[in-house]
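For reference, each letter of the sequence shown is one residue, going 0 to 623 in numbering that gives the first Met the number 0.
The beta-carbon is built from N, C-alpha and C at its ideal position, and this holds for glycine as well.
Computed from a predicted structure; not experimentally measured.
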Amino acid sequence: MKSITLTSKNLFIDFKDSKFSNSNKITLKKFEKLIINQGDEGIIEISKILNEKPLSKLKVTNLEFKNSDKQISDELKIAILEAYSNIKQYHEKQIPGLSIQPNETTKGIKLWSEFRPIESVGLYIPGGTAPLFSSLMMQAIPALLAGCQNITVCTPPNKFGKIDPAILWVANMLGIKNVFKVGGSQAIFSMAYGTKTIPKCLKIFGPGNQFVTEAKKMVSDLVSIDMPAGPSEVYVVSDDLIKADIIAADLLSQLEHSNDAKAVFITKDKRLIEKVKISIGKQKVELNRQEILKNSIKNIFLVRAKNNKQIIDFININAPEHLILLDNNFSDFIPFIVNAGSVFCGTYSPESFGDYASGSNHTLPTSGHAKTYSGLSVKDFGKSITFQTATPEGFMLLAPTVEILASAEHLDAHNKAVQIRKKYAEASIIDKPRTSFLTRSTNETNIYINLNIDGSGNYNINTGLKYFDHMLEQFAKHGNFDLSIQSLGDLEIDEHHTIEDVALALGDAFKSAIGVRSNIERYSSSEILVMDETKSSVSIDMASRPFLKMKTSKLREYVGDFPTEMFKHFFVSFVNSLGFTCHIETIGENSHHIVEATFKSFTRALSGALEKSESTVLSTKGVL
């Protein structure tokens, strides 16, 4: 335990005893080579070197997962599930901001980004001195929310070769079956390089001791890592004399993690430092992890500052993993805190809440890395891909700017790539094609549509609903529309969102492709279309007045995998989205025929109404 008074020259705390030695680096290099050259056998060899029990089977069995349910109390299960709910709820709120909706930067130039999960991730769960099942939740929940399909978990077994049942119960609850009994640096190397048993991962996550942190740095050229998350640390700020016991408890709560954990208390009151010292001494003897505390208590710094500005400077220079602003004036500090992993504000926000159950993530940057790293979130388990497209008009608008910039940098090939497209753009503008590309993204669906109204009836459609796909194929073929639809939706919940959102997006795609409603036939009625016992007729007015009147014979509940309650709803959504008047009447006895005949008749009428016309706008208003 050390006491210091801040000056302009000692604002940074250097925990020199936490530096990784050269001899330890040599040991890790040896372990890395063993994993690269020998794989699973290398893991066994390292266990022998470390005097650990070598294991013949590294992967957790189904029986071990099953037995975990009997080995932990119902009380613990309920607490875990409550923590799970809070963590999931907080991290779900991060999802909408992961992608950027289409944005027109210049007229005709559209850009957007889409989030994609990392295909395979490795989660390291510490367990050498304590079963940190909470760390598994903190890593696995955002990984699952991001959509990661291949999740590997490595965690050290105890001296009997077993993994704590709480860790296994959480893994099983989350549906994670690739759990391996490997800890320390060898776990990191195994996930980075892959072995016969342990899959190679593209990105590795998880906190650990110095050896784990250093191993992550060593493989960071080969795979991505989340952050340098090493020994735990907490900084507590308070000037309240009656809170000495709370301060001491907060400091000790981090020091019990490991021998190299760190704890710092900052105050302007010299008297409070003495009271905290006394309280630490009293509370320490009542705690269980005496061997660890005997070493880690040396890493306590009791810091006296002159004023709040000095405290803020001290915090921002050291960038603590956990920062507790204990007093009620925490709002005085918040605007000026720029470097910290996670901040706990007020008397009733202990760091323990963040470690377990409030919902925030406890995987945080340590050792000053909070200056450039954030705490773990859903976005860490994926990446954003930028997409862009341009209309011929948009191309011609932006081309001169790009030509000037490319010429200024003397990059002739860049210029040529623009110039060579001009003749194509000019030709397209003269005979402008009625085409559109549209994306629609919600929390429920992601839809991509490519449409050419003046096409040949080519289609590529995948909504996840086979009968719906079939109807949309009829839509394209009988309307001579070139149509591509790719839809990813929450079909595990219901078909409603997919069918409705496809209809809305399809209407928007037509609206975009049509543009200004001039020089079209406007009115169209399909000839009565028959399909065995069924006949259907559709009449359309393409004036921008959304209205649908639809009458059909009674249908059974489903046709294939298509719920017929969504039959009319599809046309309602499409008509309202595109904006036109439509009357539909179909009579028949067979539900399949009724639905299919309606789609065919509808698309024939729509195609007729959108036929190009040489006449002026067919409206006394002058617009449709």
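- Using a threshold of 7 Å, state whether the C-beta atoms of Ala228 and Ile279 are closer than that. no
- Are the stretch 311-330 and the stretch 271-287 touching by the rule of at least three beta carbon pairs closer than 8 Å? no
- Message: Here's the rule: buried if 16 or more other CB atoms are within 10 angstroms of the residue's CB, otherwise exposed. What is Pro95?
- Response: exposed
- Mind checking whether Asn317 and Ile86 have CB atoms under 7 Å apart? no
- Item | Spatial neighbours of Lys199 in its chain, beta-carbon cut-off 6 Å, leaving aside the 5 residues before and after | Cβ neighbours of Lys199 beyond the five flanking positions: Gly193.
- With distances taken from CA atoms, which of Gly205, Gln70, His591 is nearest Asp379? Gly205
- Message: The alpha helix (DSSP H) that contains Asp481, what's its start and end?
- Response: Note, Asp481: premise wrong, no alpha helix (DSSP H); beta strand (DSSP E) at 481-488.
- Only counting runs of 3 or more residues, tell me where the beta strand (DSSP E) segments fall wholly within the stretch 275-341, in order along the chain. 299-303, 321-324
- Opening and closing residue of the alpha helix (DSSP H) in which Met541 lies: It is not in any alpha helix (DSSP H) - Met541 carries neither H nor E in the DSSP assignment.
- Task: In angstroms with no decimal places, state the Cα-to-Cα distance between Tyr372 and Ile419.
- Result: Looking at the two C-alpha atoms, the distance is approximately 44 Å.
- Going by DSSP, what residues sit across from Leu110 in a beta bridge? Asn102, Gln387, per the DSSP bridge assignment.
- Item | Beta carbon of Val233 nearer than 7 Å to that of His321 | yes
- Message: Give me the residue from Asn171, Asn21, Leu49 with the minimum Cα distance to Asn61.
- Response: Asn171
- Query: Should the stretch 388-404 be regarded as contacting the stretch 103-122, the criterion being three or more beta carbon pairs within less than 8 Å?
  - Reply: yes
- Task: Please find out if some non-hydrogen atom of the ligand SAM comes closer than 6 Å to the beta-carbon of Pro432.
- Result: Because no ligand of any kind appears in the structure shown, any question about the ligand SAM cannot be addressed here.
- Query: What span of residues does the beta strand (DSSP E) with Ala262 cover, start to end?
  - Reply: 261-266
- Tell me whether the beta-carbon of Ala145 lies closer than 7 Å to the beta-carbon of Pro125. no
- Span separating the alpha-carbon of Asp531 from that of Ser455: Spanning the two alpha carbons is a distance of roughly 26 Å.
- Message: Under DSSP, the beta strand (DSSP E) around His413 begins and ends at which residues?
- Response: It is not in any beta strand (DSSP E) - His413 instead sits in the alpha helix (DSSP H) that spans 411-418.
- Message: Using the Cβ count rule (16 or more neighbours within 10 Å means buried), how would you classify Asn360?
- Response: buried
- Please classify Arg521: does DSSP put it in a helix, a strand, or coil? coil
- For Gly381, the residue or residues it bridges with in DSSP: Assignment of beta-bridge partners to Gly381 by DSSP yields Pro116.
- Task: Express the C-alpha separation of Asn461 and Gly374 in angstroms, rounding to a whole number.
- Result: 38 Å
- Query: For the beta strand (DSSP E) that contains Met530, what are its first and last residues?
  - Reply: 528-530
- Message: Check whether the stretch 210-220 and the stretch 154-172 touch, using three or more Cβ-Cβ pairs below 8 Å as the test.
- Response: no
- Task: Name the residue from Gly607, Ile3, Ser525 whose alpha carbon lies nearest to the alpha carbon of Lys269.
- Result: Ile3
- Message: Could you tell me the alpha carbon to alpha carbon distance between Leu487 and Ile498, rounded to whole angstroms?
- Response: The alpha-carbon of Leu487 is positioned some 11 Å away from that of Ile498.
- Query: Counting along the chain, where does the beta strand (DSSP E) carrying Tyr234 start and finish?
  - Reply: Judged by DSSP secondary structure, Tyr234 falls within the beta strand (DSSP E) whose first and last residues are 232-236.
- What three-state label does DSSP hand Gly121 in the structure shown? Three-state DSSP puts Gly121 in a strand.
- Message: Contact defined as beta carbons within less than 8 Å: I believe Phe474 pairs with Thr602. What is the distance between those atoms, to the nearest angstrom?
- Response: 5 Å
- Query: What separation, rounded to the nearest whole angstrom, lies between the Cα atoms of Phe313 and Ile203?
  - Reply: Taking the straight line from one Cα to the other gives about 31 Å.
- Query: Is Leu547 helix, strand or coil by DSSP?
  - Reply: In this structure, Leu547 counts as strand in the three-state DSSP scheme.
- Starting from Ile460, trace the beta strand (DSSP E) both ways and give me its first and last residue. 458-461
- What separation, rounded to the nearest whole angstrom, lies between the Cα atoms of Ala369 and Leu547? In a straight line, the C-alpha of Ala369 is about 57 Å away from that of Leu547.
- Item | Contact set for Ile310: own chain, Cβ-Cβ below 7 Å, skip 5 residues either direction | Only residues of its own chain outside the window of five on either side were considered, and among them Val236, Ile265, Ala304 have a CB closer than 7 Å to the CB of Ile310, listed in chain order.
- Query: Residues in its own chain within less than 8 Å of Asn23 by CB, not counting five upstream and five downstream?
  - Reply: Within the same chain, Asn23 has close Cβ partners Gln209, Phe210, Glu213.
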